[in-house]
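The block underneath contains the structure these notes are about, expressed in structure tokens.
Number of protein chains: 2
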Amino acid sequence: MEEILMTPGPVKILPRILEAMSKPVKYHRGSEFAALYSDIVEMLKEIFQTENDIFVLSGSGTCAMEAAIGNIVRTDDRVLCISNGKFGERFIEIASKYSNAVMPLRFEWGLPVAVNHVAGAIDYFEPDVVTMVHNETSTGVLNPAVDIGALVKNANAIFVLDCITSIGGDDVPVDNIGADIAIVGSQKCIGAPPGLSALSISEEAWKRITANERRKPYYMDLISYKKSFEKLQTPYTPALPLFSALHEALRIVREEGLHHRILRHRTLARAVREAASRMNLQLFPKRAYSNTVTAINLPHGITEDEMKKEMRRRGIIIVGGQDKVKGKIFRIATMGNVSADDVIYTINALEDVLISRGLLHENERGVGVKTAERIIEL
Amino acid sequence: MEEILMTPGPVKILPRILEAMSKPVKYHRGSEFAALYSDIVEMLKEIFQTENDIFVLSGSGTCAMEAAIGNIVRTDDRVLCISNGKFGERFIEIASKYSNAVMPLRFEWGLPVAVNHVAGAIDYFEPDVVTMVHNETSTGVLNPAVDIGALVKNANAIFVLDCITSIGGDDVPVDNIGADIAIVGSQKCIGAPPGLSALSISEEAWKRITANERRKPYYMDLISYKKSFEKLQTPYTPALPLFSALHEALRIVREEGLHHRILRHRTLARAVREAASRMNLQLFPKRAYSNTVTAINLPHGITEDEMKKEMRRRGIIIVGGQDKVKGKIFRIATMGNVSADDVIYTINALEDVLISRGLLHENERGVGVKTAERIIEL
């Protein structure tokens, strides 16, 4: 039995992508790689909805987060890190390595960040740089990027937005938001294998990067990336097979169409949410639900490990909670090229687990699946 | 016609490795990945000839170089960077981002580093950390790692050794050398695709890393790698398909046997050197020839670009020179799973290019190939 991967990255990889990866461009200095890289960047611009420069790093999303902070932030820069989950905390950790003036602005996990509160903090703190996670994968919450972007731009600060698990699956109009740096990971909504990340860089961000005389990271030095990009190269040897895979994944995104892809993601996430509710489960977020990952409170009577194991016995790989919500929630991702069938099988397995534990009555069998099917067929 | 890749990384990828990569481990938290990672590290220890900890980074060799320096070096640490090529220079650049007391010790490109001179510099400078490149890919020179290692250990300093293009193809007894950190790239002598690097860390190095309170890089924080390794995981999502490919590449290394693999590398490099000499070409290094990459002076009458293009027209991809030897040399790598036939085809093509340019007489046709064949058949 082929297991179904419903984790928030890595995600299911379609055969076309595996096939492309198995015939990688051989060499990274030359016209073949140049054409591939150029194509990738053009397709990324479509899903970032941006005119800004975009580069692809041979490293995970965290690598791109550090590239953003490490290039932009000077020791004395005031960095406001908005956080309502594990990845918001990660920005605080990274920023603290590059600035002595990091102000964490924390919100309850499971709630979206509060725009008014952020407005007040920006007013008071007068930050040079503001960081936020768009889609907080750890809690299944979608933060109000457009509203926060407007506040940051109004304060003439630089806005670094982690869109690692939203771009390619949800609507992320980077230029409209005013995100000076936006970041995506290959192995999330784009549906490629893990190992690459990409980031967009605005004119404003370039000004700060260029003016930043302090010691920037070396492997992630964005000025080197910019110089190499003039020849459609990367400063260091890129992970060639992953570039071929990313290229094919982006072609699939383009074939589906961004609009349809976003609708599909929203529908599948809603199917999971409503099916879960119908099965008497409670969603972890109180509102502002992510369109790519659903966090559900663990019901009494089953531990996180048991839930993961029981689901896996039924062929479905899901994840639990991280850090402060470890043991309290489980999460079902509907990212990338996940199909309606994948979701139905997942809900079916979840129903079965709940019934086997006495958490759902036997004569309720099918209610989750029917709910999901109804939403998917709408 | 399938082109033959004779570049110093990336290298030819055998079908078995592409096949393994196209069926990657799906998820990075779980027993399947744990077994893969554990196996990879065991096999790496064999070719590093070390008992030290080894970690695999999802990033190129440069990423591992920065990981080494960024974790070890404190702002006031005295860092002696021995350099006789482009990659020696890279250590100077990276070290200068982390220390205010970097002492470059430069030797002529094309010559090995001089042990006595290094001894004097260590005496005078009393470094905390010494960096060196074992196999200087930019010039085709092999540096005396054992001798330098003894000097560094005698001075109680930390020895960071870039073995990116030697481990897996040449004899690199990391523990005998006394390399506290040794680094390899996936896409060189190991014969895997680009995108991963690995480094070994000695007890002495760990002491310094642990005592280093300054701001270390985040993505490359080796303490995070160590903690995650206890669960056979990586701190951030690894480039899963590349791990599967690396695993298969290392299995091939083990099947060939390190001893045989080293002999094969030495033989193929010697075949290139002697064939080149027989065709009236001059080697760029004066001695201490690399066993994995051969640098040859461009003869008068052909430019670097012409040489590369003429070779490529004949199905062989080679590279020119970098930085200060750009336009002066061309390089033929014999790394990884390059075969005797690959070398013969390469020499044959080179002969043809030289004859077509009047740089070798028509009635000398075959001398290079015969020389190479004789050495390979020995």
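From first to last, the protein sequence lines are chains A and B. Numbering of the first sequence is given in our numbering, commencing with residue -7 and proceeding in unit increments. Numbering of the second sequence is given in our numbering, commencing with residue -7 and proceeding in unit increments. Glycine residues also receive a C-beta, built at the ideal position from the N, C-alpha and C atoms.
Query, Result
"Which residues mark the beginning and the end of the alpha helix (DSSP H) in which Leu28 (chain B) is found?", "Ser23 to Phe40"
"Relative to the alpha-carbon of Met95 (chain B), which residue among B:Arg304, B:Asp68 and B:Trp101 has its alpha-carbon at the smallest distance?", "B:Asp68"
"Over the uninterrupted beta strand (DSSP E) stretch that includes Lys289 (chain B), give me the two end residues.", "Rather than Lys, the amino acid found at residue 289 (chain B) in this sequence is Asn. Its beta strand (DSSP E) spans residues Val285 to Asn289."
"Just to confirm the assignment, what range does the alpha helix (DSSP H) spanning Gly141 (chain A) have?", "Ala137 to Asn146"
"Look at the Cβ atom of Phe83 (chain A), then the Cβ atom of Ser192 (chain A), and state whether they are nearer than 7 angstroms.", "no"
"Hey, does Cys155 (chain B) have any beta-carbon neighbour from chain A nearer than 7 angstroms?", "no"
"Got a sec? Which residues, its chain only, sit under 6 angstroms from Thr123 (chain B) by beta carbon, not counting five neighbours each side?", "Cys73, Phe83 and Val152"
"Kindly list, in the order they appear in chain E, the residues whose Cβ is closer than 7 angstroms to that of Tyr29 (chain B).", "No chain E is present in this structure, whose protein chains are A and B."
"By a C-beta neighbour count over all protein chains shown, 10 Å radius and 16 as the cutoff for buried, is Gln179 (chain B) buried or exposed?", "buried"
"Quick check: the Cα distance between Ala12 (chain B) and Val33 (chain A), rounded to an integer number of angstroms?", "28 angstroms"
"Near Lys4 (chain A), which residues of its chain fall below 8 angstroms by C-beta distance, leaving aside the five closest residues on each side in sequence?", "Ile(-4), Leu(-3), Gly183, Gly328, Asn329, Val330 and Asp334"
"For Asn108 (chain B), does the three-state DSSP call read helix, strand or coil?", "helix"
"For Leu6 (chain B), which residues of its own chain have a beta-carbon under 6 angstroms away from its beta-carbon, when the five flanking residues on both sides are left out?", "Asn329"
"Could you check what DSSP says for Ile321 (chain A) in three-state terms: helix, strand or coil?", "strand"
"Do you know offhand how far Ile169 (chain A)'s Cα is from Val133 (chain A)'s?", "18 angstroms"
"With a 10 Å radius around its C-beta and 16 neighbouring C-beta atoms as the bar for buried, classify Asp172 (chain B) as buried or exposed.", "buried"
"Would the segment 17 to 32 of chain A count as touching the segment 218 to 231 of chain A if we require 3 or more Cβ pairs under 8 angstroms?", "yes"
"For Thr202 (chain B), which of helix, strand or coil comes out of DSSP?", "helix"
"Flag Thr54 (chain B) as yes when its Cβ comes closer than 6 angstroms to any non-hydrogen atom of the ligand GDP, and as no otherwise.", "The model depicted lacks the ligand GDP and carries no ligand whatsoever."
"Going by DSSP in three states, Gly120 (chain B) sits in which element: helix, strand or coil?", "Residue identity differs from the one stated: residue 120 (chain B) is Asp in this sequence, not Gly. Asp120 (chain B): coil per DSSP, three-state reduction."
"By Cβ distance below 7 angstroms, which residues in the same chain neighbour Asp344 (chain B) in space, the five residues on each side in sequence not counted?", "Arg306"
"Can you have a look at His257 (chain B) and say buried or exposed, based on whether 16 or more other CB atoms are within 10 angstroms of its CB?", "buried"
"Tyr19 (chain B): buried (16+ other C-beta within 10 angstroms of its C-beta) or exposed?", "buried"
"Please look up how many angstroms separate the CB atoms of Val264 (chain A) and Ile324 (chain A), rounded, as I've assumed it's under 8 angstroms.", "5 angstroms"
"Let me know the secondary structure DSSP gives Leu10 (chain B) once reduced to three states.", "helix"
"Report, in whole angstroms, the separation of the C-beta atoms of Val166 (chain A) and Asn135 (chain A), which I expect to be a contact under 8 angstroms.", "That belief does not hold up - the Cβ atoms of Val166 (chain A) and Asn135 (chain A) are roughly 15 angstroms apart, past 8 angstroms."
"Taking the C-alpha atoms as reference points, what is the distance between Arg246 (chain A) and Ala87 (chain A)?", "34 angstroms"
"Check each residue of the segment 46 to 72 of chain B: if its Cβ is closer than 7 angstroms to any Cβ of chain A, include it; give the result in chain order.", "Ser50, Gly51, Ser52, Thr54, Cys55 and Glu58"
"Could you tell me if Gly249 (chain A) is buried or exposed, where buried requires 16 or more neighbouring beta carbons within 10 angstroms of its beta carbon?", "exposed"
"Going by the CB atoms, is the gap between Lys301 (chain A) and Gly312 (chain A) shorter than 7 angstroms?", "no"
"Alpha carbon to alpha carbon, what distance is there between Val71 (chain A) and Val65 (chain A)?", "8 angstroms"
"Nearest CA to the CA of Glu240 (chain B): which residue from B:Ala341, B:Leu49 and B:Arg8?", "B:Arg8"
"Thinking just about the alpha-carbon of each residue, which of A:Leu255, A:Ile321 and A:Arg243 is nearest to the one in Gly273 (chain A)?", "Contrary to the premise, residue 273 (chain A) reads as Leu rather than Gly in this sequence. Among A:Leu255, A:Ile321 and A:Arg243, the Cα nearest to that of Leu273 (chain A) belongs to A:Ile321."
"Is there a Cβ of chain B sitting closer than 7 angstroms to that of Ile374 (chain A), yes or no?", "Only positions -7 to 370 of chain A appear in this structure, which leaves residue 374 (chain A) out of reach."
"In this structure, what does DSSP give as the bridge partners for Arg70 (chain A)?", "A:Ala93"
"Using CA coordinates, which residue listed in B:Asn340, B:Met271, B:Gln225 and B:Lys89 is at the minimum distance from Ile372 (chain B)?", "The structure shown does not extend to residue 372 (chain B), since chain B is modelled only from -7 to 370, so the question has no answer here."
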